[in-house]
Amino acid sequence: MKRNPDVLIVGAGLAGLACALKLMEKGITFLILEASNGVGGRVRTDVFEDFRLDRGFQVLLTGYPEAKRVLDYGALKLHSFYPGCLIRVGDSFHKFGDPFRNPLDIFMTMLAPIGTWEDKFAIAKLRKRLVSTPFGDIMRGPETSTIELLRSEGFTDAIINQFFRPFFGGISFDESLVTSSRIFESVFKLFAQNDTAIPQDGMGAIPNQLAKRLPPNSLRMNTKVLSVQDGIMNLPHGETLGAQAIVVATDGPEAAKLLGDDITISPSRVVTCMYYAAGKPPLDEPLLILNGEGKKDGPINNMCFISNVCPSYAPAGHTLVSVTLLSYPEEDEMELEAIVRVQLKEWFPDEAYKWRYLKTYKLAHGLPDQSIPHISEIERPVRLRKGLYVCGDHRDTASIDGALYSGRRAAEAVLSELTP
Ligand SMILES: Cc1cc2nc3c(=O)[nH]c(=O)nc-3n(C[C@H](O)[C@H](O)[C@H](O)COP(=O)(O)OP(=O)(O)OC[C@H]3O[C@@H](n4cnc5c(N)ncnc54)[C@H](O)[C@@H]3O)c2cc1C
Numbered sequence: 056m057k058r059n060p061d062v063l064i065v066g067a068g069l070a071g072l073a074c075a076l077k078l079m080e081k082g083i084t085f086l087i088l089e090a091s092n093g094v095g096g097r098v099r100t101d102v103f104e105d106f107r108l109d110r111g112f113q114v115l116l117t118g119y120p121e122a123k124r125v126l127d128y129g130a131l132k133l134h135s136f137y138p139g140c141l142i143r144v145g146d147s148f149h150k151f152g153d154p155f156r157n158p159l160d161i162f163m164t165m166l167a168p169i170g171t172w173e174d175k176f177a178i179a180k181l182r183k184r185l186v187s188t189p190f191g192d193i194m195r196g197p198e199t200s201t202i203e204l205l206r207s208e209g210f211t212d213a214i215i216n217q218f219f220r221p222f223f224g225g226i227s228f229d230e231s232l233v234t235s236s237r238i239f240e241s242v243f244k245l246f247a248q249n250d251t252a253i254p255q256d257g258m259g260a261i262p263n264q265l266a267k268r269l270p271p272n273s274l275r276m277n278t279k280v281l282s283v284q285d286g287i288m289n290l291p292h293g294e295t296l297g298a299q300a301i302v303v304a305t306d307g308p309e310a311a312k313l314l315g316d317d318i319t320i321s322p323s324r325v326v327t328c329m330y331y332a333a334g335k336p337p338l339d340e341p342l343l344i345l346n347g348e349g350k351k352d353g354p355i356n357n358m359c360f361i362s363n364v365c366p367s368y369a370p371a372g373h374t375l376v377s378v379t380l381l382s383y384p385e386e387d388e389m390e391l392e393a394i395v396r397v398q399l400k401e402w403f404p405d406e407a408y409k410w411r412y413l414k415t416y417k418l419a420h421g422l423p424d425q426s427i428p429h430i431s432e433i434e435r436p437v438r439l440r441k442g443l444y445v446c447g448d449h450r451d452t453a454s455i456d457g458a459l460y461s462g463r464r465a466a467e468a469v470l471s472e473l474t475p
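Counted the way the numbering used here counts, the sequence shown spans residues 56 to 475.
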C-alpha cells in the first residue's frame, strides 16, 4: 500500500527545495507540489534560440552564508563579474571600480565624474565599517531607510543619484531607496567582500542542482495547490492529499491567498527584463552598466553584455544583452521594445540599431518590498501552528539566500514537532 508522505510542500522554488533537502537529511518523507512545469520559481533559465535567458537578470553573491552551505559552487562552474561597474552619466560611460579589489582602478575611479572626491572617501569609509561588522550585528543594528542612511553618512545627491540609486535600486527593485538600511548594508558588505557570479548553465542551474538531490517520486510538477487546511490540501479535479505537516513555500502573494489571515506579507516590487542578441559587443569587460541619469535618460535601470561574463549564455559569435527596467510597463511587448531601443541607440549609436530583440519577462511580483515597517523583523515566523508552516523570501531577506535559509528554518520547525 502506498504510504502518505510525512510532509507536503507547496512550491519547488529555492525555499521549497531547501526545506525538502533538510527533511530528507533527517529521513522524513515528503512530496513537493509545484504549479509550473519546472523547479526554481523565480530562478529559472530558458534556452531560447541557443541563448540562455534567466527569467529576469539576477546574480549569485558568492558570500551568501546559506548558499555557501547548501550549494556546490564548483559544480555550478561560476563566472564572476568585474568588481565595479560602468555608469552612464551625461553622454558617456565612466568606470567606477572597487580599488580595494582592483588597485589599478583607483585613478580611473577617483577621476570619474561620479559624485565628489569626498563621496569616494565616504564610500571607502562605509566599506571599511561594513567589512568589519558581522552580518548579525548589521541585522540587529540601527535601522532607517537606505536614503536616510546615505544622507547621514554625508553622501551628496550626485553620488546618490548616479551610483546608489541605480545600483542598490536595481537590487531591491526600489529606486526611491526606502528599503531598510540593514538590507543595504548587508548587500554592500557582500559585494565588497565576495564575487558576484552566474553559473555556466544559467541561474536555473542553482535550483536544478538542488532538485537532483531529491529522492525519486518526491516532486510532482504541473500541480497547483488550490487551498490548504489543517493537514489537508486540495488539488485540481477534486483531489485531496493529507500529511502530518504542510509547508507553504510559494511567493508571498500566493502564500497570502493560501493562508489568509495566518500571515501578513509586504507589497510586491515589480521588474521587467528584456533580452537582445548582438554580434560583437561594444565592450569586452564583464561589467554591469548602470543608468546614472535616472528616468530622464529613459526607462533602463541597468544592462549587461551577459555573455561577456559567461560566454555560454550566447551561441558562438553572438552576444546576449540583458536590460532591466524597474517598472511594469503598460505598453505591449513591441511598443516597449521600441521605447527601450531609443535609449540603447543613444548609448550605443553604432551598434544598438543592429541588435535583434529576443524576449521580455515582466514580473508583477519580482521581490517583496523590504522597506520599514514591512521588514522590521528580518526573520519572520515560519511556524503558523502545529502542522502548518510557511517559508519563502517573504520570511527572510528577499534574496536567493533568504529563500534558502527560510526553507531550512521551516524544515527545522517541522522536525521539532513531527511525531516519528
Ligand atoms: C528578476 C529578479 C531578479 C532577482 N535578482 C536577484 C539577485 O540578483 N540575487 C538574489 O539573491 N536574489 C534575486 N532575486 C530574488 C530571488 O530570485 C528570490 O528571492 C527567490 O528566488 C525566491 O525564492 P522562493 O522559493 O521564496 O519563491 P519562488 O521562487 O517564487 O518559488 C515559489 C514556487 O512556488 C510555486 N507555486 C506558487 N503557487 C503555487 C501553488 N498554489 N501550488 C503549487 N506551487 C505553487 C511557484 O511556481 C514557484 O515555483 C531576484 C528576483 C527576480 C524576480
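Glycine included, every Cβ here is placed at the ideal spot set by N, Cα and C.
- Each of A465, D451, A304 and V469 was checked against the Cα of M194, and the nearest Cα belongs to D451.
- In the structure shown, the three-state DSSP call for K414 is strand.
- The three-state reading of DSSP puts T117 in coil, since its state is none of H, G, I, E or B.
- At a threshold of 7 angstroms, Q248 does not count as near ligand 1, since its beta carbon sits no closer than that to any of the ligand's heavy atoms.
- Runs of the alpha helix (DSSP H) lying entirely within the stretch 287-368, each at least 4 residues long, are 307-314 and 361-364 in chain order.
- Of the candidates L281, K150, D146 and S461, the residue whose Cα lies closest to the Cα of Y137 is K150.
- Looking at the DSSP output, S200 shares a beta bridge with S235.
- Shortest Cα-Cα distance from L76 to any of F155, P271 and A130 involves P271.
- Between the stretch 162-173 and the stretch 403-419, the count of Cβ pairs shorter than 8 angstroms is below three; the stretches do not touch.
- Around the Cβ of T295, a 10 Å sphere holds fewer than 16 other Cβ atoms; the residue is exposed.
- A distance below 8 angstroms separates the beta carbons of D61 and T84.
- The Cβ-Cβ distance between V98 and V302 does not fall below 8 angstroms.
- Annotation: the continuous beta strand (DSSP E) that includes A252 extends over T251 to P254.
- Annotated as distal: L88 and R206, with beta-carbon spacing of 8 angstroms or more.
- The shortest CA-to-CA distance from T305 to any of V378, I320 and L116 is the one to I320.
- For P120, the closest of A465, S454 and F210 by C-alpha to C-alpha distance is S454.
- According to the DSSP assignment, Q398 belongs to the alpha helix (DSSP H) that extends over E388 to W402.
- Judged by DSSP in its simplified three-state form, T188 adopts coil rather than helix or strand.
- Taking A333 as the centre and dropping the five residues before and after it, the same chain places the C-beta of T374, V376 and W410 closer than 6 angstroms to its C-beta, in chain order.
- With respect to the C-alpha of G447, the residue from G139, R440, D101 and E309 having the closest C-alpha is E309.
- Spatial neighbours of I394 in its own chain (CB-CB distance under 7 angstroms, excluding positions within 5 residues in sequence) are listed in chain order as P354 and E386.
- Proximity of the beta carbon of C328 to ligand 1 is indicated: a heavy atom of the ligand is located closer than 7 angstroms.
- In this structure, A466 sits near L78, with a CB-CB distance shorter than 8 angstroms.
- Comparing alpha carbon positions, the residue from M329, P423, H449 and L338 closest to P384 is M329.
- Within the stretch 87-165, the runs of alpha helix (DSSP H) at least 4 residues long that lie entirely inside it are, in chain order, 120-125 and 128-131.
- A straight-line Cα-Cα distance of about 34 angstroms links G95 and F403.
- Residue environment analysis places M358 among the buried positions, since at least 16 neighbouring C-beta atoms fall within 10 angstroms of its C-beta.
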